[in-house]
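The structure appears right after this line, and notes come after that.
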Amino acid sequence: MRLVLGSGSPRRAELLGQLGLVPDDVRVPDTDEAVLKGETPLAYCRRVAAGKAAAMQLAGDEVALCADTTVALGRRILGKPADIDEARAFLLALSGRRHRVITSVVVRNATQVWSRDVVTLVKMKRLSDQELAAYLATEDWRGKAGGYGIQGPAGALIPWIQGSYSAVMGLPLAETAHLLQAAGISVWKGNS
């Protein structure tokens with residue numbers, strides 16, 4: 000079986016490496032990630048991950064791994080900020096509050112689909128103006144749901160989480176390993 004990572008995220012590739020896996024191919028599916036009117040954060044995340052997997056063209060011996068991660072503040076979906084002003088607004092909204100990070104993982108081959116959702120509760124400390132300005136200056140917020148990445152400088156802004164650290168990074172390892180094994184990919188032993 001050949002493993003195809005349906006994501007251009009370097010964090011997801013790194014996390015796969017922690018399972019002893021290197022994808023045989025990386026293909027970034029072209030999907031619409033616009034939020035639908037009235038869509039809840041969990042429904043949004045599921046739909047986008049499933050859409051990525053469905054968009055993958057697979058050969059008979061290929062297994063695709065796709066995921067989507069979103070930050071939810073109540074029913075509000077905080078995606079990837081378009082610019083520094085939106086990143087500032089997201090971080091101010093999260094400052095001193097608990098929020099959910101939702102990651103939906105979809106694994107599929109030519110005939111079957113397996114999926115899991117992981118919801119992690121995250122607390123961001125109350126940010127001072129100086130901390131906010133310093134973090135924004137790092138530009139670490141670029142390309143990250145909610146405007147932060149827990150594995151980078153923003154880790155200093157997160158006093159606790161309840162749930163999966165790797166899911167907050169973008170790929171819950173325990174759940175991903177289970178799904179890949181169900182699809183016939185040997186975890187720890189490489190892709191053979």
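All the letters of the sequence shown, read from the start, carry residue numbers 0 to 191 under numbering that gives the first Met the number 0. From the three backbone atoms N, C-alpha and C, an ideal C-beta is built for every residue, glycine too.
Taking C-beta atoms under 8 Å as the contact rule, residue 18 and residue 167 fail to qualify, at a distance of about 17 Å. Between the stretch 116–127 and the stretch 93–106, the count of Cβ pairs shorter than 8 Å is three or higher; the stretches touch. For the stretch 56–121, the full-length alpha helix (DSSP H) segments reaching 4 residues or more read 83–93 along the chain. The C-alpha of residue 103 is placed about 6 Å away from the C-alpha of residue 117. Just measuring C-alpha positions, the residue of 16, 174, 93 and 171 sitting nearest residue 158 is 93.
In this structure, residue 22 keeps its C-beta atom at 8 Å or more from the C-beta atom of residue 35. DSSP places residue 4 in the strand class (E or B) of the three-state scheme. With contacts defined by Cβ atoms closer than 8 Å, residue 170 and residue 66 form a contacting pair. The residues 135, in chain order, have a CB closer than 7 Å to that of residue 83 in the same chain once the five nearest residues on each side in sequence are set aside.
Assignment of alpha helix (DSSP H) within the stretch 138–170, counting only whole runs of 4 or more residues, yields 164–168 in chain order. Counting other Cβ atoms within 10 Å of its Cβ, residue 174 reaches 16 or more and is therefore classed as buried. Inter-segment contact for the stretch 149–165 and the stretch 56–75 is absent: fewer than three beta-carbon pairs are separated by less than 8 Å. Residue 24 is bridged by DSSP to 3.
Boundaries of the alpha helix (DSSP H) harbouring residue 48: 40–54, taken from the DSSP string. Of the residues assessed, residue 9 falls on the exposed side of the cut-off, its CB having fewer than 16 other CB atoms within 10 angstroms. Straight-line measurement puts the Cα of residue 40 at about 8 Å from the Cα of residue 101.
A Cβ-Cβ distance of about 30 Å is found for the pair residue 90 and residue 64, leaving them out of contact under the 8 Å criterion.
Rounded to whole angstroms, the Cβ separation of residue 178 and residue 106 is 4 Å, and the two are in contact under 8 Å.
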